[in-house]
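Residue numbers (numbering that gives the first Met the number 0): 0 to 374. C-beta: ideal position from N, C-alpha, C; glycine also. What follows is a single structure, written as structure tokens, with notes after it.
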Amino acid sequence: MEWNHWRSEFPILSRKVYLNSCSLGALSRRAEERVLQFHENWHSFGASAWYETWLGRLVELRTRVAGMLGAGLEEIALCHSVSSALATVSSAIDYSRRNRVVVADLDFPTLAYQWMVKPGVEVVRVPTDDGATVSLERFRAAVDDRTAVVATSHVFYATGAIQDLKALAGIAHGAGALFVCDGYQGIGQVPVDVRAAEVDVYIGGPLKWLLGGPGLSYLYVRGRLIGELRPSTTGWFAADNQFGFDLARFEFKPDARRFELGTPGLHVVHSALGGQEIVDEVTVPRIRERNRHLTERLIDRARGAGFRIRCAPTPESRSAIVMIAAKDPHGTVNALAEEGIIVDARPGHVRVSPHFYNTEEEVDLVVDRLVELNA
Ligand SMILES: Cc1ncc(COP(=O)(O)O)c(C=O)c1O
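Here it is as structure tokens:
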């Protein structure tokens, strides 16, 4: 793969040293063109653009996402955010006989919040021993016949550690619980085959590694489970007879679209298609290899320069989110931004997240500047 060939697709790369893709993936020319096309169709067709093209774009996006995840088209829903997808799924689960939900202490908070607000549901937080990962033993010890759901991340947002989905699914299913995975930091940078991993629910979105922008999320629900789940949060996009406008009768769609609510943001559907097209062309396994190369180089160089790194123990369990300990993370991030180097701050750390379009030189530069800034 000629990696540098991709750089001209992303205008920000000629303006900045952009190393914050785990917050927001770079905008591509292709995504921009898709959005322009969306506007053109709006100009040309008005509301009938829905039938001329836009409904077709929803199918195209669900088809591409299904292909990337190893899922069937009927197992994918388009939602508005990871939080809203979680809210809908969590509203469909019966907590009367099992009222516990097990999450990890390193998960993104929105995951735990879904269940913390539900009366009678108890959220059990599985601790981390090393600050970067959560062991399977710890999960095993926390899950029992009171557990309704094990809900945790594919990749931890703050440490980049990759979790073993199949093992977690085994722990959940062994106790008769569901396995819900927040895949927002995994999707697009780490390959996932939802069927092989045996996850029940996997949620991601285009914002980060999929280069598609904010305002949309992807929800996979395992086929056999779909019919059993009847959300109590819903909308007309979930209705079987959506265009019958029948106020007297409601039945869910038979497929995963029963977890959808209302009109999706068509701008982001189009920018997401542009980003997805690029990811599908590069392919996630190749992105993983490239990102692993850049990540390991970054870690080696930073460690060589004396920095402490908060990360998983092996390259196989690390992803392209690197937490470098710093005395003044916000001051350092601001100083780097003044020089056109974009990274992020998290408590006690500067967070650097390269993607396939970054170069070795950019990764080296950020370490050199951290040394010079005495970070
Ligand atoms: C792992 C993870 N989950 C969930 C979220 C929040 O997603 P949303 O704002 O779409 O609810 C984030 C945001 O950065 C995240 O990193």
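Spanning the alpha carbons of residue 64 and residue 348 requires a straight line of approximately 33 angstroms. Under DSSP, residue 177 shares a beta bridge with 148. Ranked by how close their Cα comes to the Cα of residue 130, the residues 356, 360, 346 have 346 in first place. For residue 211, the number of other beta carbons within 10 angstroms of its own is at least 16, and it is reported as buried.
Between residue 103 and residue 125, the C-beta spacing is below 8 angstroms. If you keep only unbroken beta strand (DSSP E) runs of at least 3 residues inside the stretch 265 to 343, you get 321 to 324. By the criterion of a C-beta distance shorter than 6 angstroms, residue 354 is surrounded in its chain by 20, once the five residues flanking it on both sides are discounted. Per the coordinates, the alpha-carbon of residue 254 lies some 40 angstroms from the alpha-carbon of residue 344. Here the alpha carbons of residue 140 and residue 309 stand approximately 25 angstroms from one another. Distance check between residue 138 and each of 48, 186, 170, 276 places 170 closest, using alpha-carbon atoms only. Runs of alpha helix (DSSP H) with 4 or more residues, each lying fully within the stretch 159 to 233, are found at 164 to 173, 193 to 196, 222 to 225, listed in chain order.
Looking from the CA of residue 163, the closest CA among 157, 174, 181, 24 belongs to 181.
Burial state of residue 357 is buried, judged by a 10 Å Cβ sphere holding 16 or more other Cβ atoms. If you compare the alpha carbons of 239, 261, 93 with that of residue 251, the shortest gap goes to 239.
Rounded to whole angstroms, the Cβ separation of residue 110 and residue 85 is 7 angstroms, and the two are in contact under 8 angstroms. In this structure the stretch 278 to 290 does not touch the stretch 143 to 151; the number of beta carbon pairs closer than 8 angstroms is below three. Shown here, residue 92 sits in coil according to DSSP, grouped into three states, outside any helix or strand.
When secondary structure is reduced to three states using DSSP, residue 35 falls in the helix class. Approximately 7 angstroms separates the beta-carbon atoms of residue 191 and residue 201; this is inside 8 angstroms, confirming the contact. Non-local beta-carbon contacts of residue 300 in its own chain, meaning distances under 8 angstroms to residues more than five positions away in sequence, involve 362, 363, 366 in chain order.
Residue 81 has its Cβ nearer than 7 angstroms to a heavy atom of ligand 1. Minimum Cα-Cα distance from residue 122 among the listed residues 373, 17, 134, 151 corresponds to 151. Under the DSSP assignment, residue 99 falls in the beta strand (DSSP E) whose first and last residues are 99 to 103. Our two residues, residue 79 and residue 304, have alpha carbons roughly 42 angstroms apart in a direct line. Distances from the alpha-carbon of residue 2 to those of 298, 295, 286 put 286 closest.
Residue 230 and residue 87 do touch by the CB rule: their CB atoms are close to 5 angstroms apart, below 8 angstroms.
Straight through space, the alpha carbons of residue 248 and residue 10 are spaced by roughly 50 angstroms.
With fewer than 16 other CB atoms across the displayed protein chains lying within 10 angstroms of its CB, residue 326 is exposed. With a minimum length of 3 residues, the unbroken runs of beta strand (DSSP E) contained wholly in the stretch 6 to 83 fall at 75 to 78.
Judged by DSSP in its simplified three-state form, residue 242 adopts helix. Shown here, residue 4 sits in a helix according to DSSP, grouped into three states.
Between the C-alpha atoms of residue 205 and residue 323 there is a straight-line separation of about 26 angstroms.
Taking all protein chains shown into account, residue 219 has 16 or more neighbouring C-beta atoms within 10 Å of its C-beta and is therefore buried. Exclusion of the five residues before and after residue 176 leaves 97, 101, 142, 146, 147, 148, 149 as the residues of its chain whose Cβ lies within less than 8 angstroms of its Cβ. Taken from the Cβ of residue 134, every heavy atom of ligand 1 lies 7 angstroms or farther away.
Contact annotation: residue 237 and residue 260 have beta-carbon atoms nearer than 8 angstroms.
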